[in-house]
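Visitor: Residue numbers (the working numbering): 6 to 177. Glycine included, C-beta positions come from ideal geometry on N, C-alpha and C. Note that the coordinates shown come from a computational prediction; the quantities given were computed from them, not determined experimentally. I'd like to ask some things about the structure below.
Given below as structure tokens:
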């Protein structure tokens, strides 16, 4: 395949597109530190328009608030790289699309921007599903370490793609 993206990323995206297409399930993305990398991988796959409704890249806190309705209270209290923010981003992506599921990614890719509590390589993910209890949070924080900016973004994108794979309870 003619692509500039790493083969492992495109292969993971292919599995996501095929699995979701088989279920007739559509999804949306809310990306921050990955800057659209997950959406880019998905759109490498022919037929991805059947499952990907949209991707919103919200790099700044103002964009997270303005486009995804992440509250200022959440951003001020927990910070951009937090389970609360990732969860709010995923809920926001569901709110602005007709997606069945949304995955959000926010983190510190580096080389700067890290702290003692959230060092470079810290990435938080959340998955929200339509018609489920919003208090049923599916979120995780991962510390990839300082793999370099590209390495952190690649690992984050691979994890986000894994979250888009249907679970047994999704009717697979």
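Please go through the region 55-134 and give each complete beta strand (DSSP E) segment of 3 or more residues, from N-terminal end onward.
Guide: Counting whole runs of 3 or more residues, the region 55-134 contains the beta strand (DSSP E) stretches 57-62, 106-112 and 127-134.
Visitor: On the three-pair Cβ rule with 8 angstroms, is the region 60-70 touching the region 140-158?
Guide: Result no; under three Cβ-Cβ pairs closer than 8 angstroms.
Visitor: Could you work out which residue in 133, 167, 11 and 81 is closest to residue 103 when comparing CA atoms only?
Guide: When only C-alpha atoms are compared, the closest one is 133.
Visitor: So, for residue 159: in the same chain, excluding its five sequence neighbours on each side, which residues have a beta-carbon less than 7 angstroms away from its beta-carbon?
Guide: These residues qualify, in order along the chain: 11 and 14.
Visitor: So for residue 30, helix, strand or coil by DSSP?
Guide: Reduced to three states, the DSSP call for residue 30 is coil.
Visitor: Could you give the DSSP three-state label for residue 190: helix, strand or coil?
Guide: Limits of the chain in this structure are 6 at one end and 177 at the other, which puts residue 190 out of reach.
Visitor: Go ahead and label residue 86 buried or exposed: buried means 16 or more other beta carbons lie within 10 angstroms of its beta carbon, across all protein chains shown.
Guide: By the 10 Å Cβ count, residue 86 comes out buried.
Visitor: Between 30, 155 and 99, which has its C-alpha nearest residue 40's C-alpha?
Guide: The shortest C-alpha separation from residue 40 is found at 155.
Visitor: Quick one: measure Cβ to Cβ for residue 170 and residue 20, integer angstroms, because I've assumed they're closer than 8 angstroms.
Guide: Sure, about 7 angstroms apart at Cβ, within 8 angstroms.
Visitor: Which class does residue 49 belong to by DSSP, given the choice of helix, strand or coil?
Guide: Three-state result, residue 49: coil.
Visitor: For residue 35, which residues does DSSP report across the bridge?
Guide: Answer is 61 and 109.
Visitor: Using only alpha-carbon positions, find the residue among 8, 124, 42 and 7 that is nearest to residue 191.
Guide: Because the chain is modelled from 6 through 177, residue 191 falls outside the range shown and cannot be assessed.
Visitor: Report yes or no: do the region 120-127 and the region 73-80 share at least 3 C-beta pairs separated by less than 8 angstroms?
Guide: Touching, no, given that fewer than three Cβ pairs across the two stretches are closer than 8 angstroms.
Visitor: Would you decide whether residue 9 is buried or exposed? Buried here means 16 or more other CB atoms lie within 10 Å of its CB.
Guide: Exposed, because fewer than 16 other Cβ atoms sit within 10 Å of the Cβ of residue 9.
Visitor: Please report how far the alpha carbon of residue 23 lies from the alpha carbon of residue 98, in whole angstroms.
Guide: Roughly 22 angstroms separates the two Cα atoms.
Visitor: Applying the 10 Å Cβ sphere with the 16-neighbour rule, what's the burial state of residue 167?
Guide: When all chains shown are included, residue 167 counts as exposed.
Visitor: With distances taken Cα to Cα, identify the nearest neighbour of residue 37 among 57, 100, 116 and 130.
Guide: When only C-alpha atoms are compared, the closest one is 130.
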